[in-house]
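S.K.: When the letters of the sequence shown are read in order and numbered with the numbering used here, they come out as residues 15 to 281.
Glycine included, each C-beta is placed from N, C-alpha and C at the ideal position.
None of the values given here were measured: they were computed from a predicted structure.
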Amino acid sequence: RLGTNLEIATLDQKREAVDPQETLAQYLTDGRGENLVINGEQRHVVSYMKDFLFKPEQARTPVRELSGGERARLLLARVLARPANLLVLDEPTNDLDMETLELLQELVAGFAGTVILVSHDRDFLDRTVTSLIAPDGEGRWIEYAGGYSDMLAQRGGTRLDDRKARAKADNGEAPVTTRSEAAAPKGPAKKLSFKQKFALESLPKKIEAVTASISRLENNIADPAYYERDPASFQKTIAALDKERATLAALEEEWLELEMLREEMEG
Numbered sequence: 015r016l017g018t019n020l021e022i023a024t025l026d027q028k029r030e031a032v033d034p035q036e037t038l039a040q041y042l043t044d045g046r047g048e049n050l051v052i053n054g055e056q057r058h059v060v061s062y063m064k065d066f067l068f069k070p071e072q073a074r075t076p077v078r079e080l081s082g083g084e085r086a087r088l089l090l091a092r093v094l095a096r097p098a099n100l101l102v103l104d105e106p107t108n109d110l111d112m113e114t115l116e117l118l119q120e121l122v123a124g125f126a127g128t129v130i131l132v133s134h135d136r137d138f139l140d141r142t143v144t145s146l147i148a149p150d151g152e153g154r155w156i157e158y159a160g161g162y163s164d165m166l167a168q169r170g171g172t173r174l175d176d177r178k179a180r181a182k183a184d185n186g187e188a189p190v191t192t193r194s195e196a197a198a199p200k201g202p203a204k205k206l207s208f209k210q211k212f213a214l215e216s217l218p219k220k221i222e223a224v225t226a227s228i229s230r231l232e233n234n235i236a237d238p239a240y241y242e243r244d245p246a247s248f249q250k251t252i253a254a255l256d257k258e259r260a261t262l263a264a265l266e267e268e269w270l271e272l273e274m275l276r277e278e279m280e281g
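1. Note down the Cα distance separating Glu48 from Thr37, rounded to an integer number of angstroms.
2. Could you give the residue range of the beta strand (DSSP E) that holds Asp104?
3. Does the distance from the CB of Leu110 to the CB of Ala73 come in under 8 Å?
4. Go to Glu79, then tell me how far its beta strand (DSSP E) extends in each direction, as first and last residue.
5. Where does the unbroken alpha helix (DSSP H) through Glu116 begin, and where does it stop?
6. Report buried or exposed for Arg46, applying the criterion of at least 16 other Cβ atoms within 10 angstroms of its Cβ.
7. Mark Val122 as exposed unless 16 or more other C-beta atoms lie within 10 angstroms of its C-beta, in which case mark it buried.
8. If you draw a straight line from the C-alpha of Ala181 to the C-alpha of Gly161, how long is it?
9. Using only CA atoms, which one of Met279, His58 and Thr142 lies nearest to Thr43?
10. Note down, in chain order, each residue of its chain lying with its Cβ closer than 8 Å to the Cβ of Tyr359, except the 5 sequence neighbours on either side.
11. Can you tell me whether DSSP reads Ser194 as helix, strand or coil?
12. Tell me, to the nearest whole angstrom, how far the beta carbon of Val132 is from that of Glu105; I am working on the premise that it is less than 8 Å.
13. Can you tell me the Cα-Cα spacing of Ala159 and Thr128, whole angstroms?
14. Using the rule of at least 16 other Cβ atoms within 10 Å of the residue's Cβ for burial, across every protein chain shown, is Thr114 buried or exposed?
15. Can you give me the Cβ contacts of Thr75 inside the same chain, cut-off strictly under 8 Å, excluding the 5 residues immediately before and after it?
16. Quick test of your reading: Leu206 and Glu273, contact by CB under 8 Å. State the CB separation rounded to the nearest angstrom.
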């Protein structure tokens, strides 16, 4: 059965062809200006690119200059920019670097509609899906709740290959050595998300920049003649200083929370 208002976005394992001369902004907007409509809201292409960890200056970078991981992120950004309530991904983890893989996991988990994906990446399945459809070896496909490890547990801890091997042994055929249940993939380990790690690494530079700005502003108001010379400018400087101090406090608090979370997860 199909929904009456189904809007489908797809990403196949061959990936779509990209004009290497196009800039990232042109590719994401189809050359139609600088804005996109994402989830019913208009967004500037640079703002949307930041969601996929691109820097603002990369908006005018030709696609040919991207690394493999960056190109994969660009394709994901293009697919997810399309209005859709059904996302179909065919082997989405192929050729992804670790950073893009972690971002993909977050994007799939945060997608508002339904996601159907085909993947041989068992860890990725464990981290993203809520149900799994797998063959039983008899021409049937069975749906299991949870991910790959959950499917193994519901099958009694055996893979399809293991079950085939046991059937052959029961029929007097030569036994085949297979991976034991102990080798089955474990559930996902707790760790910072990619965006959290990115924030933790980038926050010190932001804190340094804001601290330098505060120092400059404090030096300005330290001039005893400043207020007499230009009272309006002095008041603006005071307001800017208060704003920067509030920003610094928020950044330091965010960094501390992430650092404590990292230490807790790493034990």
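M.R.: Judging by the given coordinates:
1. Residue numbering aside, residue 48 sits at position 34 when the sequence shown is read from its first letter. Residue numbering aside, residue 37 sits at position 23 when the sequence shown is read from its first letter. Between Glu48 and Thr37, the C-alpha separation is close to 12 Å.
2. Position 90 of the sequence shown, counting from 1, holds the residue named residue 104. Taken as a continuous stretch (DSSP letters only), the beta strand (DSSP E) holding Asp104 covers Leu100 to Asp104.
3. Against the sequence shown, residue 110 aligns to sequence position 96. Against the sequence shown, residue 73 aligns to sequence position 59. Not in contact: Leu110 and Ala73 (Cβ atoms no closer than 8 Å).
4. Counted from its first residue, the sequence shown places residue 79 at position 65. First-last for Glu79: undefined, no H or E at that position.
5. Numbered from 1 along the sequence shown, position 102 holds the residue referred to as residue 116. Its alpha helix (DSSP H) spans residues Met112 to Gly124.
6. Here residue 46 refers to the residue found at position 32 when the sequence shown is read from its first residue. Within a 10 Å sphere around the beta-carbon of Arg46 sit fewer than 16 other beta-carbons, which makes this residue exposed.
7. Within the sequence shown, the letter at position 108 stands for residue 122. Flag for Val122 reads buried.
8. Sequence index remark: in the sequence shown, residue 181 carries index 167 (1-based). Sequence index remark: in the sequence shown, residue 161 carries index 147 (1-based). Only weak support exists for where Ala181 lies, its pLDDT of 49 falling under 50; the value from the coordinates is given anyway. Each residue's Cα considered, the two are about 25 Å apart.
9. As a first step, residue 43 is located in the sequence shown; it is residue number 29 there, counting from the start. Minimum Cα distance to Thr43 is reached at His58.
10. Because the chain is modelled from 15 through 281, residue 359 falls outside the range shown and cannot be assessed.
11. For the purposes of this step, residue 194 is taken as residue 180 along the sequence shown, with counting starting at 1. Summary for Ser194: the model assigns pLDDT 36, below 50, so the residue's position carries little reliability; its value from the coordinates is reported in the next sentence. The answer is coil: DSSP assigns Ser194 none of H, G, I, E or B.
12. Sequence index remark: in the sequence shown, residue 132 carries index 118 (1-based). Sequence index remark: in the sequence shown, residue 105 carries index 91 (1-based). Going by Cβ atoms, the distance from Val132 to Glu105 rounds to 6 Å, so yes, they are a contact pair.
13. Taking the first residue of the sequence shown as position 1, residue 159 is located at position 145. Taking the first residue of the sequence shown as position 1, residue 128 is located at position 114. Spanning the two alpha carbons is a distance of roughly 15 Å.
14. Translated into positions along the sequence shown, residue 114 becomes position 100. Here Thr114 is buried, its C-beta having at least 16 other C-beta atoms within 10 Å.
15. Along the sequence shown, read from residue 1 onward, the residue named residue 75 stands at position 61. Result list for Thr75: Thr37 and Leu38, in chain order.
16. Taking the first residue of the sequence shown as position 1, residue 206 is located at position 192. Taking the first residue of the sequence shown as position 1, residue 273 is located at position 259. Not a contact, Cβ separation roughly 10 Å.
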